[in-house]
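To keep things clear, I will list the structure first and then write my remarks on it.
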Amino acid sequence: MNLKSIALVTLIAITAAACGDQTQAPPSQANNPQPLVQPEVPLDRKPEAQKPVSGVPLQPSQSNAPGNPQNLGGSVSQAPAELPSDSPPVAPPPKTEARQSRSEVPLQPASAGGVKMGNIEYRSSETAPDRDIEQAIVESLGGDRTALQQTRYYYDRIDLSGDGKPEALVYLSGSYTCGTGGCKMLILEQSEQHYQLVSQMTLVNAPVIVSAERSAGWNDLVLEVAGGGAVKHYAQMKFDGSTYPVNPSTAPEVAPNSTLNGTAVMNDGITAGGGIALQGEG
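Here the sequence shown is numbered in my numbering, starting from 743 and rising by one per residue.
Structure (structure tokens):
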């Protein structure tokens, strides 16, 4: 065999050996996957703390905070915190006492000189202005503008004569009609178109008791005498057929230990600003 033949045989053998190695290559890992091995982490290793972002420190989570009700299971709603208000607290309105009308503040006559109050009906004065009564007041004061501007009045109606028509008892209050012993009072009788003056008295103290006793067909009036240095007592004002006495301090005194029965009119707390102002004279 020559050298060319030997070289050819050798080349063939080398080529065949190379092809055999490729056909006997180990199986691919894709067909036989191997389990991934995770690196072991020591049990005593603590997780790294989260780093703050932009220099803002992290706040602990309320859900993980000890003592948080949410950690006990279930959902617990929390009301939002109240923000402070710039407005000052509003104080509650002050309590006010209910005002009493004149009929609720009776000025009941008291016993004096041993005289007792028996069956007495107490009545307060009227509150609506009366033009006819005011005209009679103007006439009784002689049209004095100054006196009229300083005068207020109380009035009540009651039948004194027994004819079924009520008379008007008018109490004048003011610096021109009052003194230390009392004030002026008019007794007016109704006529067809106006009131007619029956009597006028001075030094009258309210209330006025219209007694059940009668004189000359008219009810007696019982007035308290007090002030001006007088000893307190009750005077009995009797109608004489045309008029009543002017001054109760000179009228007969009610006997001691007597009991009065009747109606107490104008049973009001008389004050300087009380009563009714004359219309057009304020």
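Yeah, the Cβ is synthetic: ideal placement off N, Cα and C, and Gly gets one too.
To which residues does DSSP link residue i through a beta bridge?
i, result
"LEU914", "TYR895, LYS926"
"TYR699", "Any property of residue 699 remains undetermined from this structure, which presents the chain solely from 743 to 1024."
"GLY921", "GLY924"
Among the options, which one has its Cα closest to the Cα of residue i?
i, options, result
"GLY860", "VAL1007, ASN1003, ASP1010, ALA870", "ASN1003"
"ASP901", "THR1005, GLY1017, SER882", "THR1005"
"LEU928", "LYS907, THR922, LEU1020, GLN938", "GLN938"
"ILE951", "ALA1014, GLN892, ARG899", "ARG899"
"GLY1015", "TYR896, VAL1007, ALA854", "TYR896"
"GLY906", "THR992, GLN932, PRO987, VAL964", "GLN932"
"PHE981", "GLY904, SER867, ALA878, GLN935", "GLY904"
"GLN935", "LEU965, ARG873, SER866", "ARG873"
"LEU911", "GLN892, SER866, HIS975", "SER866"
"GLY916", "GLU909, VAL940, VAL946, VAL967", "VAL946"
"VAL880", "GLY983, ALA948, GLN892", "GLN892"
"PRO987", "GLU995, GLN942, ALA948, THR1001", "GLN942"
"GLY921", "GLY983, ALA997, ASN989", "ASN989"
By Cβ distance, which residues of its chain are closer than 6 Å to residue i, with the 5 residues on each side in sequence left out?
i, result
"ALA1019", "ARG894"
"LYS926", "LEU914, THR919, THR944"
"GLU863", "THR1005"
"ALA878", "LEU930, TYR937"
"GLN974", "Looking at the sequence shown, residue 974 is not Gln but Lys. Counting only Cβ-Cβ distances below 6 Å, and skipping sequence neighbours, we find ALA854, ALA968."
So what's residue i in DSSP terms, helix, strand or just coil?
i, result
"VAL973", "strand"
"ARG956", "strand"
"ASP874", "helix"
"VAL967", "strand"
"LEU939", "strand"
"ALA948", "coil"
"ILE900", "strand"
"ALA993", "coil"
"VAL880", "helix"
"THR1001", "strand"
"ALA889", "helix"
"PRO1018", "At residue 1018 the sequence reads Ile, which differs from the Pro that was named. Strand at ILE1018."
"ASP962", "strand"
"LYS1069", "This structure does not reach residue 1069, given that the chain is present from 743 up to 1024, and the question cannot be answered."
"LYS858", "strand"
"GLU931", "strand"
Report all residues from its chain with a CB closer than 7 Å to the CB of residue i; omit the five preceding and five following residues, and keep chain order.
i, result
"GLN771", "Confidence at GLN771 is low in this model, with a pLDDT of 46, below 50, so the placement of that residue is unreliable and no value is reported for it."
"ASP962", "SER953, GLU955, ARG956, GLN978, MET979, LYS980"
"SER819", "Low per-residue confidence applies at SER819: pLDDT is 46, beneath 50, and the placement is therefore not dependable, though the value from the model is reported in the following sentence. Same-chain partners within the cutoff: there are none."
"TRP960", "LEU902, SER903, PHE981"
"GLY1017", "ARG894, TYR895, TYR896, SER915"
CB-CB under 8 Å to residue i, same chain, minus the five flanking residues each way: which ones, in chain order?
i, result
"ASN999", "GLY856, VAL857, LYS858"
"ALA972", "GLY923, SER991"
"ILE875", "TYR895, TYR897, ALA910, VAL912, LEU930, TYR937"
"VAL795", "At VAL795 the pLDDT is 45, less than 50, meaning the model places this residue with poor confidence; the figure from the coordinates comes in the next sentence. None."
Does the contact criterion of 3 or more C-beta pairs under 8 Å hold for the stretch 871–889 versus the stretch 950–969? Contact between the stretch 871–889 and the stretch 950–969 is absent, because fewer than three Cβ pairs lie under 8 Å.
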